[in-house]
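See structure below.
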Amino acid sequence: MNRKYVTFSKNIFIPVTNVCRNACDYCGFRARRREEAYVTSVRDFLNLVQHK
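Residues in the sequence shown are numbered from 951 upward in steps of one, following the numbering used here.
Here it is in structure tokens:
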């Protein structure tokens, strides 16, 4: 099939935190220093979801 269609799926990833007790060497998600750590507030989470 050689059709000229383009499809997409609206998908959103909202990390609610980057705090993790594991220290996987391959991970780029975890905050390495305490100053970089965050937890998304409920208000910020709802704001992101409503505007995406």
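Each residue gets a CB set at the ideal place from its N, CA and C atoms; glycine is no exception.
Three or more Cβ pairs closer than 8 Å define a contact, and the stretch 952-966 meets that threshold against the stretch 990-1000. The criterion of a C-beta distance shorter than 8 Å is satisfied by C970 and R980. Spatial neighbours of K954 in its own chain (CB-CB distance under 8 Å, excluding positions within 5 residues in sequence) are not present.
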